[in-house]
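One structure is given here, and the rest of the page talks about it.
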Amino acid sequence: MLTQEKDAGQIGRVDPMFRSDVLNGLAARPRAIQARWFYDHRGSQLFEQITDLPEYYPTRVEAALLDTAGPQVREIVGSGRAVVEFGSGSSAKTPRILRAIEPSAYVPIDISGDFLREAADDLAEQFPGLAVHPVEANFLHPVPLPDKVAALPKLGFFPGSTIGNMTALAAVDLLRAMRHSLGEGAYLLIGIDRVKDPEILVPAYDDAQGVTAAFNLNLLDRINRELDADIPVDAFRHKSVWNADIERIEMHLEAQRDIAFTVNGRPFDLAKGETIHTENSHKYTPSGARLLLRSGGWTPVAEWTDDDDSFALILAEA
Ligand code: AVI
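Just so we're aligned, residue 1 is where the sequence shown starts under UniProt numbering, counting upward by one.
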């Protein structure tokens, strides 16, 4: 995921960025709130549940691909590198790659320091002898890496198709920032979800158990909790749609009736059927993914996909 936000509501602080993004997003046309705000404590828990859903194939398929690709990645990049994971979160996929690569150091980067240190401690315990240097930073910009890994060649790790949650332009900027952070001679191992039949894609973002719906609607609960709002959450419905022109899944919250509410003292009115756009998940064709990487300054050198070509793990060179 892009970021793991601290649960400001639980500790009684209001994040001014959250407030301004929500107020501006609700006033804009079309109305839209950035997906990064999904990940309060509850949202992060719901996302973990999403990754186990039968309909949500990316996590499962990528985990299997990491197991297959690991030894081949090691053959190409060699051992002894520093693995630098962007947006490491709970570092759930990390052991798979660390086991295969046998790096000298592991540098998890995440915006949430609490999550980061917990995950770093866990990994240090699982891999005794591995130097773990967590960095609390926003990886959307170039990140200075710790001096202790300056001399080591790097392998960037960006799993989960998180890159898909950005527009292509923002994705290219991020890939360039990563190249800058990792330096000459670096490799990047990245997970990218494929364009496929909407009959598979739409349920992956609108599952039968309603976990994704709860994840999307939690954003409104979060606004009520943290921004002194009175949004009638029950009056909204989760919607997942495939936008074929832009090759992306879009998540929206749709008003089921005319709705009036206030956020931080500001009034908003939504007509029945109006939506708040909350997330984009861009999918890539094989050539589209390679073009994206090249535009971001990376040359693809190897690629692994499952039998259905539903997800790709790509190794690229700086
Ligand atoms: C974090 N990110 C890659 C997920 C995705 O598939 O776009 C977020 C998500 N949203 C709904 N389900 C999963």
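The C-beta atom is built at its ideal place from N, Cα and C for all residues, glycine as well.
No experiment lies behind these values; they were computed from the predicted model shown.
Just how far apart, CA to CA, sit Pro-54 and Ala-151? Against the sequence shown, residue 54 aligns to sequence position 54. Against the sequence shown, residue 151 aligns to sequence position 151. Cα to Cα, Pro-54 sits roughly 43 Å from Ala-151.
So is Leu-130 in contact with chain C if we call contact Cβ pairs under 7 Å? Judged by its chain identifiers, the structure shown contains no chain C, having just a single protein chain.
Are Tyr-284 and Ile-192 touching if we call contact CB-CB under 7 Å? Here residue 284 is taken as the residue at index 284 of the sequence shown, counted from 1. Here residue 192 is taken as the residue at index 192 of the sequence shown, counted from 1. It is a contact, given that the beta carbons lie within the stated cut-off.
If I follow the unbroken alpha helix (DSSP H) through His-180, where does it start and stop? Here residue 180 corresponds to residue number 180 of the sequence shown, with the count starting at 1. It spans 168-182 - the alpha helix (DSSP H) in which His-180 sits, taken as one unbroken run.
For Gly-156, count the other beta carbons within 10 Å of its own beta carbon; 16 or more makes it buried, fewer makes it exposed. Which is it? One-based indexing of the sequence shown puts residue 156 at position 156. By the 10 Å Cβ count, Gly-156 comes out buried.
Report the CB separation of Ala-82 from Pro-108 in whole angstroms; it is logged as a contact under 8 Å. Here residue 82 corresponds to residue number 82 of the sequence shown, with the count starting at 1. Here residue 108 corresponds to residue number 108 of the sequence shown, with the count starting at 1. The Cβ separation is near 11 Å, so there is no contact.
N- and C-terminal bounds of the alpha helix (DSSP H) containing His-252: Stepping through the sequence shown from its first residue, residue 252 is reached at position 252. Run containing His-252: none in the alpha helix (DSSP H); it sits in the beta strand (DSSP E), 248-255.
Just verifying my parser: in three-state terms, what is the DSSP assignment at Asn-243? Residue 243 sits at position 243 when you count from the first residue of the sequence shown. Strand at Asn-243.
Hey, how far is the Cα of Arg-96 from the Cα of Leu-65? By one-based count along the sequence shown, residue 96 stands at place 96. By one-based count along the sequence shown, residue 65 stands at place 65. Rounded to the nearest whole angstrom, the CA to CA distance from Arg-96 to Leu-65 is 10 Å.
Using DSSP's beta-bridge definition, name the partner residues of Phe-158. Counting from 1 along the sequence shown, the entry for residue 158 is found at position 158. DSSP, once it has assigned bridges, lists Ile-190 as partnering Phe-158.
Exposure label - Leu-174; buried when at least 16 CB within 10 Å: Here residue 174 refers to the residue found at position 174 when the sequence shown is read from its first residue. Sixteen is the threshold: when 16 or more other Cβ atoms of the shown chains lie within 10 Å of the Cβ of Leu-174, as they do, the residue is buried.
Report whether the distance from the Cβ of Gly-113 to the nearest heavy atom of the ligand AVI is below 6 Å. In the sequence shown, residue 113 corresponds to position 113, counting from 1. Incorrect: Gly-113 has no Cβ contact closer than 6 Å to the ligand AVI.
Contact set for Asp-21: own chain, Cβ-Cβ below 8 Å, skip 5 residues either direction: Residue numbering aside, residue 21 sits at position 21 when the sequence shown is read from its first letter. The answer, listed in chain order, is Ile-33, Gln-34 and Trp-37.
Hey, is Thr-162 close to the ligand AVI, as in C-beta under 6 Å from one of its heavy atoms? On the sequence shown, residue 162 is found 162 positions in, with the first residue counted as 1. Thr-162: yes, Cβ under 6 Å from the ligand AVI.
Beta carbon of Ser-240, beta carbon of Tyr-205: below 7 Å? On the sequence shown, residue 240 is found 240 positions in, with the first residue counted as 1. On the sequence shown, residue 205 is found 205 positions in, with the first residue counted as 1. In contact: Ser-240 and Tyr-205 (Cβ atoms closer than 7 Å).
Cβ distance (whole Å) where Ala-119 is taken to contact Ser-79 below 8 Å: In the sequence shown, residue 119 corresponds to position 119, counting from 1. In the sequence shown, residue 79 corresponds to position 79, counting from 1. Between Ala-119 and Ser-79, the beta carbon gap of about 23 Å keeps them out of contact (Cβ cut-off 8 Å).
Please indicate yes or no: does the CB of Asn-165 lie closer than 6 Å to some heavy atom of the ligand AVI? Translated into positions along the sequence shown, residue 165 becomes position 165. Answer for Asn-165: yes, Cβ within range of the ligand AVI.
Is the beta carbon of Ser-287 within less than 6 Å of some heavy atom of the ligand AVI? Walking along the sequence shown from the start, residue 287 turns up at place 287. Checking every heavy atom of the ligand AVI against the Cβ of Ser-287, none is found closer than 6 Å.
Endpoints, the beta strand (DSSP E) within which Arg-266 is located: Here residue 266 refers to the residue found at position 266 when the sequence shown is read from its first residue. Run containing Arg-266: 266-270, per the beta strand (DSSP E) assignment.
Quick check on Trp-304: does DSSP put it in helix, strand or coil? Counting from one through the sequence shown, the residue named residue 304 turns up at place 304. In the structure shown, Trp-304 sits in a strand (DSSP, three-state: E or B).
So what does Glu-199 bridge to, in DSSP terms? Locating residue 199 in the sequence shown gives position 199, where the first residue counts as 1. Paired residues: none, contrary to the question.
Nearest neighbour of Ile-190, chosen from Met-17, Ser-310, Asp-308 and Leu-293 [CA to CA]: The residue you call residue 190 lines up with position 190 of the sequence shown. Looking at the Cα atoms, Leu-293 is the closest of the given residues.
Name the DSSP bridge partner or partners of Tyr-284? As a first step, residue 284 is located in the sequence shown; it is residue number 284 there, counting from the start. Answer by DSSP bridge pairing, in chain order: Arg-194.
Using only the heavy atoms of the ligand AVI, determine whether one of them is closer than 6 Å to the beta carbon of Tyr-57. Residue mapping note: residue 57 aligns to position 57 of the sequence shown, counting from 1. Not one heavy atom of the ligand AVI sits closer than 6 Å to the Cβ of Tyr-57.
Taking only runs of the beta strand (DSSP E) that begin and end inside the stretch 33-104, which ones reach a length of at least 3 residues, in chain order? Taken in chain order, the unbroken stretches of beta strand (DSSP E) that lie wholly in the stretch 33-104 and span 3 residues or more are 82-86.
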